[in-house]
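Residue 112 in the numbering used here sits at position 110 of the sequence shown; the count goes up by one each step and never skips. We put the beta carbon where it would ideally sit given N, CA and C, even for glycine.
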Amino acid sequence: MLLSLQGRYNTIVPCTCVPEEIQSRTDGVGQGRGEMMVDMLDQLRAIGALKQGHFLFSSGRHGDVYLEKFDLLRDPGATSDVCRGFVERFRDQAIDVVVGPTTGGILLAFETARQLRVAAAYAERASDEAAGREFRRGTSFAPEFAAGS
């Protein structure tokens with residue numbers, strides 16, 4: 003998740019594209035972006051992180067493509083490249099903080115924040131699991147804490 007304080011913009015960056023959809027989703031979004039996406043997918047396949055088959059997700063939904071984040075995170079170069087894709091996608095947004103979940107996402111959030119030169123934070127599983135995730139341990143989002151300030 004990328005969080006912008008001034009613009010009140012936040013988004014979760016999901017991996018929901020299947021390889022056949024990449025070209026149609028990237029047409030007209032900027033020269034080179036579609037090629038970058040295809041290169042990234044090839045890299046994810048090469049390291050064994052992009053799985054194809056039938057998957058039942060924890061949400062109960064089904065899919066035929068799955069990104070195993072822990073296979074990605076074992077390869078620092080590939081992790082940096084994936085985060086560079088996030089950076090390119092959101093570079094024009096006024097991002098102050100990049101937030102990720104503690105399980106797996108904390109490394110992606112950190113590397114993306116490092117490349118954007120902004121602060122990084124993480125959200126821990128809430129004590130009431132129905133509540134999702136929460137910020138703890140004195141996490142502050144005051145702009146003066148942004149790494150780029």
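Residue-chain proximity (residue i, chain C), Cβ-Cβ < 8 Å
| i | result |
| --- | --- |
| A122 | Protein chain content of the structure displayed is limited to a single chain, and chain C is not contained in it. |
Where residue i falls: helix, strand or coil (DSSP)
| i | result |
| --- | --- |
| V120 | coil |
| R127 | strand |
| D94 | coil |
| G65 | strand |
| I108 | helix |
| G134 | coil |
| G30 | Low per-residue confidence applies at G30: pLDDT is 41, beneath 50, and the placement is therefore not dependable enough to give any value. |
| R86 | helix |
| T18 | Reliability fails at T18, whose pLDDT of 37 lies under 50, so the model's placement of it is uncertain and the value that follows must be treated cautiously. Coil, per DSSP. |
First through last residue of the beta strand (DSSP E) which encompasses residue i
| i | result |
| --- | --- |
| F57 | L52 to L58 |
| G102 | V99 to P103 |
Start and end residues, alpha helix (DSSP H) containing residue i
| i | result |
| --- | --- |
| D73 | K71 to L75 |
Distance between beta carbons of residue j and residue i, contact taken as under 8 Å
| i | j | result |
| --- | --- | --- |
| L75 | L118 | Not quite, the Cβ-Cβ distance comes to about 19 Å (not below 8 Å), so this is no contact. |
Residue from the options with nearest C-alpha to residue i
| i | options | result |
| --- | --- | --- |
| V101 | Q95, D94 and A123 | A123 |
| V120 | F92, T81 and R63 | F92 |
| A80 | H64, L43, P103 and G62 | L43 |
**Q.** Inter-stretch contact (C-beta, 8 Å, three-pair minimum) for the region 72-90 and the region 108-127
**A.** Yes: at least three Cβ pairs fall under 8 Å.
Q: Indicate whether the contact test is met: 3 or more Cβ pairs, each with one atom in the region 44-51 and one in the region 69-78, closer than 8 Å.
A: Because the criterion of three Cβ pairs below 8 Å is met, the region 44-51 and the region 69-78 touch.
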